[in-house]
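In terms of our numbering, the sequence shown opens at residue 438 and continues consecutively.
Note that CB positions come from ideal geometry on N, CA and C, so glycine has one too.
Single-structure report; data block below.
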Amino acid sequence: MINETFVASDPKSAYEQAVEKYGTDLSIVSAKQVKYADNELRSEVVIAVPKKLFMERSFGAQALTGAKLPDEEEEALLDEIGELKTQLEEMRDGLLQTGRFGAVADEVKHLFMKKGIAEPWLDSILVPLIGTPVMEDKQLLVSYLLEEIDEVLQVKEEVLDHSKIMMLVGPTGVGKTTTIAKLAARYAYLLERPYKVALINLDSYKVGAIEQLAHYADIMQIEHYSIASAEAFQEKIAELASYDVILVDTAGMSPYDTQKFIKTVEFVKTEIPKKIEVALVLAATVKYEDMADIYENFSFLNLDSVIVSKFDETKHFGTLMNFMLLYDLPMSYFSTGQEVPDDLLVASKEYLLERFIGDVHEG
Ligand SMILES: Nc1nc2c(ncn2[C@@H]2O[C@H](COP(=O)(O)OP(=O)(O)OP(=O)(O)O)[C@@H](O)[C@H]2O)c(=O)[nH]1
Ligand SMILES: [Mg+2]
């Protein structure tokens, strides 16, 4: 038997082509929709035909009678045809892989991938656009993708009309303590009215951690406490009931440090009258490979927002952007340098997008 493929715009037409050639007594091997390199969806119907019939219908009766080929030659010819067909199919598959969306859209897609945006996210946006003019226009498509990104990004507004407890968690050295100091200064001194702020430090692991926070607190004349157990935490929160904002600093944790995680979860789950807002501090310099681990581990703590630190340390924001697109968390603040209290911004989509666009245009 020989497999022969009939291609048409729809399955019915492909089947009709086969019927026209071989009659209705067909043995169908497969029928499927295939996207070709020109982005057109076509239907392929593959039928199995006896060798003899294939020769007769494809090359005329002569192929079998007048100039009958010796059996070996016929076999050789059929082999050759089979091989050619395989080669054609391979070529087509190759085209499908390298040119799935057409030249323009593929170029744009690869540009965004190079900048750190994950392929599945890009595909989810591009597939519905197949066949539309946007896919042929580079500028338009780049703008479209940026708009989609803008739509997915979320910002958590700074709300201070009720008292709150904010706990900062995150990997080691991302800037939790520095950001706590900036936030404390902001709430206590830099807004339209002064808020009553207290600091709590749960970081009893790192040498000097207490001193680091105490140093900032002393300069700003803000109360600060160091707490070692969940019970003491509970008591302290009750004692500080009249405060507007309680900022809680935690030990930096590698995503693999189970012991510290369990300890922090204990604090977060402590029975206290107010909800603790947990903010993950994530450096803008986060590595692509670490992103998923960071999210998976820290999301146990019921994250409310992400504070992005070290904005000043990179020009590439794709990985960070990818994190935001994938994990559906709002951004609350951006830390843009080491200076306390100056280098802190309330998060904004525009700020992140502007930097990301700068990076994309460089590519
Ligand atoms: N360039 C830059 N440096 C920062 C920023 N935020 C913090 N740092 C610096 O990063 C270093 C670590 O900051 P910390 O605030 O101690 O970080 P941490 O997350 O509390 O660290 P651990 O408690 O050890 O986990 C310090 O040298 C900070 O000055 C930032 O936005 N930009
Ligand atoms: Mg710290």
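Local conformation of residue i per DSSP, three classes
{"i": "F754", "result": "coil"}
{"i": "F698", "result": "helix"}
{"i": "F793", "result": "helix"}
{"i": "N734", "result": "helix"}
{"i": "K747", "result": "coil"}
{"i": "M604", "result": "strand"}
{"i": "S450", "result": "helix"}
{"i": "V466", "result": "strand"}
{"i": "R630", "result": "coil"}
Any non-hydrogen atom of ligand 2 within 7 angstroms of residue i CB
{"i": "D779", "result": "no"}
{"i": "T614", "result": "yes"}
{"i": "D640", "result": "yes"}
{"i": "Q649", "result": "yes"}
{"i": "D686", "result": "yes"}
{"i": "G689", "result": "yes"}
Pairwise C-alpha distance: residue j and residue i
{"i": "V715", "j": "G612", "result": "15 angstroms"}
{"i": "E544", "j": "Y581", "result": "14 angstroms"}
{"i": "I656", "j": "P778", "result": "11 angstroms"}
{"i": "A555", "j": "Y626", "result": "41 angstroms"}
{"i": "V483", "j": "E512", "result": "21 angstroms"}
{"i": "L583", "j": "V571", "result": "13 angstroms"}
{"i": "D560", "j": "V541", "result": "14 angstroms"}
{"i": "E588", "j": "M761", "result": "11 angstroms"}
Contact test: residue i Cβ vs ligand 1 heavy atom, cutoff 7 angstroms
{"i": "G645", "result": "no"}
{"i": "A784", "result": "no"}
{"i": "K700", "result": "no"}
{"i": "K747", "result": "yes"}
{"i": "T773", "result": "yes"}
{"i": "T442", "result": "no"}
{"i": "V611", "result": "yes"}
{"i": "V718", "result": "yes"}
{"i": "G607", "result": "yes"}
Strand pairing of residue i, partner residues [DSSP]
{"i": "L740", "result": "V715"}
{"i": "L636", "result": "H661 and L684"}
{"i": "N440", "result": "A485"}
{"i": "Y770", "result": "I744 and V783"}
{"i": "L412", "result": "For the chain, the structure presents residues 438 to 800; residue 412 sits outside this window and is missing."}
{"i": "A720", "result": "S746"}
Distance between beta carbons of residue j and residue i, contact taken as under 8 angstroms
{"i": "G553", "j": "G800", "result": "In fact, because the Cβ distance is near 11 angstroms, the residues do not count as touching under 8 angstroms."}
{"i": "F538", "j": "L563", "result": "6 angstroms"}
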